[in-house]
Amino acid sequence: MNGPFLLTMIWVVPFITALACLPIRTDDHRSIKVISLIGTLINLLLVIVLTFKFIGVSAANPVADGTASSMFHFTYKVGWFKMMNIEYNIGVDAISVLMMLLTAIVIFCGVLASWNVNKQAKEFFILLNVLVAGVYGVFVSIDLFTFFLFYEIAVLPMYLLIGLWGTGKKEYASMKLTLMLVAGSAFILAGILALYFESGLNSFDLQVLSQHHFSDAFQYWVFPLIFLGFGVLGAIFPFHTWSPDGHASAPTAVSMLHAGVLMKLGGYGCLRVAMYLLPEGAQMWMGFFLILVTINVLYGAFGAIRQTDLKYITAYSSVSHCGLVLFGFTALTFTGIKGGVLQMISHGLMTALFFCLIGMIYGRTHTRTVSEMGGLMKVMPFLSVAYVIVGLAGLGLPGLSGFVAEANVFVGAFANPNTINRVCTVLAVLSIVVTAVYVLRAVNGLVNGPIKEQFATLTDASLLEKIPVTILLICLFGMGILPGWIVELVNNAVHPIYNNLTR
Amino acid sequence: MTLLLPDILLVVLAALVMGYDLYKGKSDLVSTVPFTLSWLGLSGIFLLLLCLPYDQTVLYPGGYQVTGTALLFKQVFVLSALFAVLLSRPYFTPGGNKRGLLKYRSEFLFILLLCTFGMFTVVSSTDLLTLFIGMELATIPLYILSGFYKKDSLSVEASTKYIIMGSASTGLLLFGYSFFYGAADSLTFEALAQACTANPQEPLLRLGMLFTLAAIGFKLTLFPFHMWAPDVYDGAPSPVTAFISVSSKAVAIAFLLILVYGPLAPMHSSLQPIFLILAATTMTVGNLGALKQTRLRRFMAYSSIAQAGYIIMALLGDAGAARSSIIFYLFVYAAGNYAVFFIISIIGRNGEENRSGLQGLGKSNPMLAAILMLSAFSLAGIPPLAGFMGKFFLFASAAQKGYYFMVVFAALNSTISLYYYLLLVKEAYIIQPAGETAPIIMDGMQKASLFVLTAIMLLAGILPSFSSNVLAIAG
Chain E
1029 MNGPFLLTMI WVVPFITALA CLPIRTDDHR SIKVISLIGT LINLLLVIVL
1079 TFKFIGVSAA NPVADGTASS MFHFTYKVGW FKMMNIEYNI GVDAISVLMM
1129 LLTAIVIFCG VLASWNVNKQ AKEFFILLNV LVAGVYGVFV SIDLFTFFLF
1179 YEIAVLPMYL LIGLWGTGKK EYASMKLTLM LVAGSAFILA GILALYFESG
1229 LNSFDLQVLS QHHFSDAFQY WVFPLIFLGF GVLGAIFPFH TWSPDGHASA
1279 PTAVSMLHAG VLMKLGGYGC LRVAMYLLPE GAQMWMGFFL ILVTINVLYG
1329 AFGAIRQTDL KYITAYSSVS HCGLVLFGFT ALTFTGIKGG VLQMISHGLM
1379 TALFFCLIGM IYGRTHTRTV SEMGGLMKVM PFLSVAYVIV GLAGLGLPGL
1429 SGFVAEANVF VGAFANPNTI NRVCTVLAVL SIVVTAVYVL RAVNGLVNGP
1479 IKEQFATLTD ASLLEKIPVT ILLICLFGMG ILPGWIVELV NNAVHPIYNN
1529 LTR
Chain C
215 MTLLLPDILL VVLAALVMGY DLYKGKSDLV STVPFTLSWL GLSGIFLLLL
265 CLPYDQTVLY PGGYQVTGTA LLFKQVFVLS ALFAVLLSRP YFTPGGNKRG
315 LLKYRSEFLF ILLLCTFGMF TVVSSTDLLT LFIGMELATI PLYILSGFYK
365 KDSLSVEAST KYIIMGSAST GLLLFGYSFF YGAADSLTFE ALAQACTANP
415 QEPLLRLGML FTLAAIGFKL TLFPFHMWAP DVYDGAPSPV TAFISVSSKA
465 VAIAFLLILV YGPLAPMHSS LQPIFLILAA TTMTVGNLGA LKQTRLRRFM
515 AYSSIAQAGY IIMALLGDAG AARSSIIFYL FVYAAGNYAV FFIISIIGRN
565 GEENRSGLQG LGKSNPMLAA ILMLSAFSLA GIPPLAGFMG KFFLFASAAQ
615 KGYYFMVVFA ALNSTISLYY YLLLVKEAYI IQPAGETAPI IMDGMQKASL
665 FVLTAIMLLA GILPSFSSNV LAIAG
C-alpha cells in the first residue's frame, strides 16, 4: 500500500464504518458496536503501518534545513473544485502522524469504553465515526480548504452527541460548545480567504502559500484572526468556557475524543496555519497571546481546585493543560514548540484515560461528586490504581508522559530571553503545584478512606473495560520511559516551522 | 429556435393545464391530472434545458435574448416550480393538510406556470421594458397565490399586504426607470450602457439605481424593505411560501445581476458600499428575527431574509465570481428550502406547522429527521453539504475585493443562524414530546422529492461537477 493511498484510507474507513452501520436494525446494538470496533481496529492498524512507514521515510530524508518542500511526506494532490482551484491535497509530517496515532488509540479505546451505550446506539456510533473521519481528515490535509472542511465536519456531530447522550446540563452545554466553536471557525474561514486572495497565487496549498511573503500590515491583522479562531478549539482564555460544560456533559467516549483529540486540532491549526504561514504576525502578537495562555494555565488549575465533580475537575485541568500546549507555542523557541507538540500527545492520552476511568466509575457509583465517594480502592482496585497513575501523570511525575512534555514546555518558554516570557514562565510553573493539589485531593477522596455502605458491593472493571485502560496506561508509560523516538520525530517536524519563524 | 423551446413549452404547458379544466368542466374538480401534467411537463422542460447548448448567445427579434447564464437561471426557476407543484399536491387533497383544503387546482397551477414564464422573461430581456414586464408577470401571480385560502383571514391578509407593498415597490421601480431614461434617452441596455460608460458618475443613473435597488430590495427582502415577508410567508399556503422564498428571490437577484454587471457595470465600484450595508444589515436582521420564531413558515421567512443578505454580499465581487457563486447558491438554497418545506407539509398533514410539531421525529421517523438535519445544516452552511460550498463561494466573491471583515461578519452571522437551525434539530432529536405525536404519513411523491433534494444537498457539496459547470457557463 503506498503512502497517499494509506492516508486516504485512514479517513475513508470511518466513513465506511458509519455507512456500514446504516442498514443494521435499530435495536441490534451488538452488531453496530462490533462493526464500529472492527472499523476502529482497522484504522488503528492502518495508522500503525503509516507510523512505521513514516519513520522509515523520515530516517531516509532527515530534515536539515527545513525548506517547505521537504516538510510533508506521502504527498498527493488532485484537482477538486475548479472554482478557486481547490485541491484534494494530502500529506503528513511527524506531527500529524503522531496525532493520527493518538486519534486511533483514543477512538479505539473510546468505542470499547462506550460498550454500554444502549440508547439509540446506531445513531451514536454513526455520529462518532463521522466525527473521527473529520479529525483524520484535518490531519492529512495540506490544502487549507480541505483542512477547514474536515475541521467543521469534526465539530458538528458533537452537538447531537452531547445533546442526546450527555448528562446534566447537556442541552445548554452542547449548544454553547457548538456555537462557540463554529464562531471560531468563522474567523478561520475569513482568514483562509484572506490568505488566498492576498497571496494572489490561486492556491490553498499550505506549501505554496508558505513560499509567499505576506506584508507585515496584512499579517498584523490576519494572524490574530486565525490564531484565535483555532484557539477557541484549543480553549484559549477567554474563549474556554465551552470546555468545562461541554466535557462534563458529554458521554464518556465523546469526552475522551473531544478532550483527547479534538482540542488538539486547535493547537494543531494554530501551529500549522497561523504560525507557519504568518511568522511575522506571530512575532508581533506573541506577547499578547502569551499572557492569555498564561491566564489559561493558571485559571484552569485554580478552577479545578474549586470543583467537586470529577468530570469538571478533569475538564478544568484540560483547560490548564491545553493552555500549556499553546504556552509552548507562544514561547517561539524550538524547545517550546517541541514541548507544545509533545504536550498535545501526552495530554491527549492522559485526558482520554481520565474520562474513560471517570465514565467507568460513574457507571458503578452513579455519582461523580468526590465527597460522596471514598475507599473505592477496596472494591475496585484496578480502576483505582489506574486513576492514581493517570493523576500522577497529570502532575508531571517523571517516568510518565506528562513530565517529558511539561519539562520541554517550561524549559523552552524560559529559554526566550524576554522579560515577559520569563515572568509568565515562572507564573505558569506554579500551576504544577496547584495541579498537585487538585489531583491528589481527588485521588484521596476517591480511593482512600472508609468505604461507603452502598458501594461495598460494587465490582471491579470487567475484562472488556480493562482493555482500553491498559492500552492507554501502556502508552502513558511508553511515552514517559521511551520518549526518544517521538521526540526525534517531533524535532524533524518542528524544524521547518521554527526556521520559518526566525527567518 | 431550439433555445426558445423551453419558453414556448412552458406557455403551452400552462395552456394545457388550464385547458384540461375548461374541457372537463365541472365533471372533474378533484382528479390529479393537472398535477401530473404539470410535473411531467416541468421535468421535461428541465431535461430539455440540460440538453441545450450553453455557449451560445442568441438575440431574437424583439430584444429577447438567450444566454448560458439565462439558461442556468431558467433551470433554477423550473426546478423551483417543479418542486412547488409536487409540494402543493397534498394541499388540494382532502385530509392532506390540517389547515384546510385548497381548491381550484388548475387555476393554481396555471398561475404558477405563468409566473415562472415571467421569470424566464426577466432573464432573457435586453431592455428595461421587457425587464419590467417580466418582473411584473413574475410578481402579480404571487399576490393571487398567497391569498389562495380564500376563507382564511391570515391568507387574505397576506395577499392584501403583498399587493399593497408590491405595488409601492413597482412604483419605485418605474420612478427609477424614469431617471435611467433621462440619462440614456432610451430603454435599451445598449443605450444605458453607453450613457453609463460615458459618465459613470452621472447623478441621474445613481438616483435611478437607488430607486431600482429599493424596489428590488422589496422582492429580495432586503432590510429595510423586508417587513412584509414574515406576514406574507406566514399567511400564504405553505407551497406558495416555498415558491415565493425561492423563485421570487431568484428572479430578483437575477434582475440585479443583469443590471449591475450589464449596462451599469462601470458604476459597480460606487455601488459596492450600498451592497455592503444592505448585506450586513439584512443578514443581521434576518438572523436575529428568526431566533424567537416558533411558527415554521414565519421562521423560514426570517431565515430566507438572512439568506438574501448572504446572496447580496456576492455582488461585491467581479461579474464572473458573483454570477457563478450566486447561481450555484440558488440551486443549493432551493434544495435546502424545499426540503424543509416538504417536511413542513408532512408534519402539517396531521399537526400544526410549527416547531413543536417536529418533536419526536428522531424516534418516530429517523429518516425524515435525518433529512431535516441535513437541510438545516445545509442552510446553515455546514460542510460537507452543498450549502457550505455555496456560502464559501459567496463569501469568496466578497473577499476577492478585499472585504475580509465583511466575511468575518457574515460568517459570525451564520453562527447565529446555526443556533436557530440547531433548534430544529434539537426539536426533532433531543426534546421528548409531551403527549402522543401525530403519525407521520408520506406519499410516494413526497418521498421521491425528498430523496432528490437530499441527493442535491449531499452531492453538490462533494462532487465538483455542479459548481464547475456553473463556473464554466456563468463565470
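Chains as they are written, first to last, in the working numbering: chain E, 1029 to 1531; chain C, 215 to 689. Cβ coordinates follow ideal geometry from the N, Cα and C atoms, glycine included.
Residue i at chain C interface by Cβ criterion, 9 Å
| i | result |
| --- | --- |
| E/I1060 | no |
| E/S1213 | yes |
| E/G1094 | Low local confidence applies: a pLDDT of 48 at E/G1094 is under 50, so the model's placement there is unreliable, with the coordinate-based value given in what follows. No, E/G1094 does not count as interfacial toward chain C. |
| E/S1187 | Contrary to the premise, residue 1187 of chain E reads as Tyr rather than Ser in this sequence. So yes, E/Y1187 belongs to the interface. |
| E/T1054 | yes |
| E/V1518 | no |
| E/M1112 | yes |
| E/W1108 | yes |
| E/G1191 | yes |
| E/S1097 | Per-residue confidence for E/S1097 stands at a pLDDT of 49, beneath the threshold of 50, marking its modelled position as unreliable; the derived number appears in the next sentence. So no, E/S1097 is outside the interface. |
Close Cβ partners of residue i (< 8 Å) along its chain, the five nearest in sequence each way excluded
| i | result |
| --- | --- |
| C/V621 | F609, A612 and A613 |
| C/A428 | S383, L386, G390 and F439 |
| C/N683 | none |
Chain E contact for residue i (CB, 9 Å cutoff)
| i | result |
| --- | --- |
| C/L520 | At residue 520 of chain C the sequence reads Ala, which differs from the Leu that was named. By this cut-off, C/A520 is not an interface position. |
| C/F618 | Checking the sequence, you will find Tyr at residue 618 of chain C rather than Phe. Yes, contact with chain E. |
| C/F556 | no |
| C/L593 | no |
| C/V622 | yes |
| C/F432 | no |
| C/I644 | yes |
| C/M587 | yes |
| C/A686 | yes |
Given residue i as reference, the closest of the options once Cα atoms are compared
| i | options | result |
| --- | --- | --- |
| E/Y1296 | E/V1077, E/V1120 and E/A1443 | E/V1120 |
| E/N1446 | E/A1161, E/L1237 and E/M1314 | E/M1314 |
| E/M1401 | E/G1477, E/E1434, E/I1123 and E/I1323 | E/G1477 |
| E/T1453 | E/G1419, E/A1435 and E/R1396 | E/A1435 |
| C/V460 | C/S367, C/I325 and C/G550 | C/G550 |
| C/I472 | C/V446, C/L492, C/I557 and C/I430 | C/I430 |
| C/L262 | C/L224, C/A228, C/D235 and C/Y274 | C/L224 |
| E/I1070 | E/P1496, E/L1034, E/H1101 and E/V1471 | E/L1034 |
| C/T250 | C/L230, C/L266 and C/L264 | C/L230 |
| E/F1362 | E/G1228, E/V1439 and E/K1494 | E/V1439 |
| E/V1289 | E/I1135, E/C1298 and E/P1252 | E/I1135 |
| E/A1087 | E/W1513, E/N1527 and E/R1053 | E/W1513 |
Same chain, Cβ closer than 6 Å to residue i, neighbours up to 5 away in sequence not counted
| i | result |
| --- | --- |
| E/E1115 | K1105, G1107, W1108 and D1171 |
| E/M1099 | D1121 and P1524 |
| E/Q1247 | L1306, E1308 and G1309 |
Limits of the beta strand (DSSP E) - the one that residue i falls within
| i | result |
| --- | --- |
| C/Q279 | Y278 to V280 |
| E/I1118 | I1114 to V1120 |
| E/F1267 | That residue, E/F1267, is in no beta strand (DSSP E); it is neither H nor E in DSSP. |
| E/W1143 | E/W1143 -> no beta strand (DSSP E), and no H or E assigned at all. |
The alpha helix (DSSP H) enclosing residue i, as first and last residue numbers
| i | result |
| --- | --- |
| C/Y274 | That residue, C/Y274, is in no alpha helix (DSSP H); its beta strand (DSSP E) goes V272 to Y274. |
| E/V1321 | P1307 to R1334 |
| C/Y357 | L342 to S360 |
Own chain partners of residue i with C-beta closer than 7 Å, once the 5 adjacent residues on each side are dropped
| i | result |
| --- | --- |
| C/T691 | Outside the displayed span of chain C (215 to 689) sits residue 691 of chain C, for which this structure offers no information. |
| E/P1185 | L1155, V1158 and L1159 |
| C/P694 | Past the edges of chain C, shown from 215 to 689, lies residue 694 of chain C, and the structure says nothing about it. |
### Message
Tell me whether the segment 307 to 316 of chain C and the segment 335 to 354 of chain C touch, counting them as touching only if at least three CB pairs, one residue from each stretch, are closer than 8 Å.
### Response
no
### Cβ contact check for the segment 1029 to 1046 of chain E and the segment 1154 to 1165 of chain E: 3 or more pairs under 8 Å
yes
#### Entry: Cβ contact check for the segment 1449 to 1466 of chain E and the segment 1422 to 1441 of chain E: 3 or more pairs under 8 Å
yes
### Inter-stretch contact (C-beta, 8 Å, three-pair minimum) for the segment 1518 to 1528 of chain E and the segment 250 to 270 of chain C
no
### Message
I'd like to know if the segment 1190 to 1210 of chain E and the segment 1276 to 1285 of chain E are in contact, where contact means that at least 3 CB-CB pairs between them fall below 8 Å.
### Response
A contact is defined here as three or more CB-CB pairs under 8 Å, and the segment 1190 to 1210 of chain E meets this definition with respect to the segment 1276 to 1285 of chain E.
### Query
Counting Cβ pairs closer than 8 Å, one from the segment 289 to 303 of chain C and one from the segment 326 to 336 of chain C, do we hit at least three?
Because the criterion of three Cβ pairs below 8 Å is met, the segment 289 to 303 of chain C and the segment 326 to 336 of chain C touch.
### Query
Is the segment 1050 to 1065 of chain E in contact with the segment 1075 to 1085 of chain E, if contact means three or more CB pairs nearer than 8 Å?
no
### Query
Quick check: the segment 1172 to 1180 of chain E against the segment 593 to 607 of chain C, are there 3 or more CB pairs under 8 Å?
yes
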